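J.: First the structure, which I've put down as structure tokens, then a few questions once you've had a look.
In my numbering, the protein residues as written are 1008 to 1106.
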């Protein structure tokens, strides 16, 4: 491992510690958008049909079908939302119920 790579890793770890401790400026957070999202596995893990998944989270059923069959790919913001749904579905449901 080169010194440059080591320093990049160390800087990332220091940043993570600052974020975890609440000392980092939220405006400086970087969001990493996943390149791919397995929509079908997310939907199935929630026990929802394509129609129910689409209705619950504001997608069209056609879009969900297209994503699952590989005919199209969700845009970056949608991939981020799908990631949140996959990791914290109850939080998403609470937030959307309050809207």
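No residue lacks a Cβ here, since even glycine has one placed at the ideal position from N, Cα and C.
In this text, all values refer to a predicted model and were calculated from it rather than measured experimentally.
1. Tell me whether residue 1015 sits in a helix, a strand or coil according to DSSP, three-state version.
2. Since residue 1047 and residue 1075 should fall inside the 8 Å C-beta cutoff, what is the C-beta to C-beta distance between them, to a whole number of angstroms?
3. Taking buried to mean at least 16 other C-beta atoms within 10 Å of its own C-beta, is residue 1050 buried or exposed?
4. Which complete alpha helix (DSSP H) runs does the segment 1040 to 1067 hold, if anything under 4 residues is left out?
5. What is the rounded straight-line gap between the Cα of residue 1038 and the Cα of residue 1066?
6. With a CB to CB cut of under 7 Å and the five nearest residues on each side skipped, what residues in its chain are close to residue 1089?
7. Have a look at residue 1060 and residue 1036 and give me their C-alpha separation to the nearest angstrom.
T.: Working from what's here:
1. helix
2. 4 Å
3. buried
4. 1046 to 1052 and 1057 to 1064
5. 22 Å
6. 1044, 1046, 1049 and 1081
7. 30 Å
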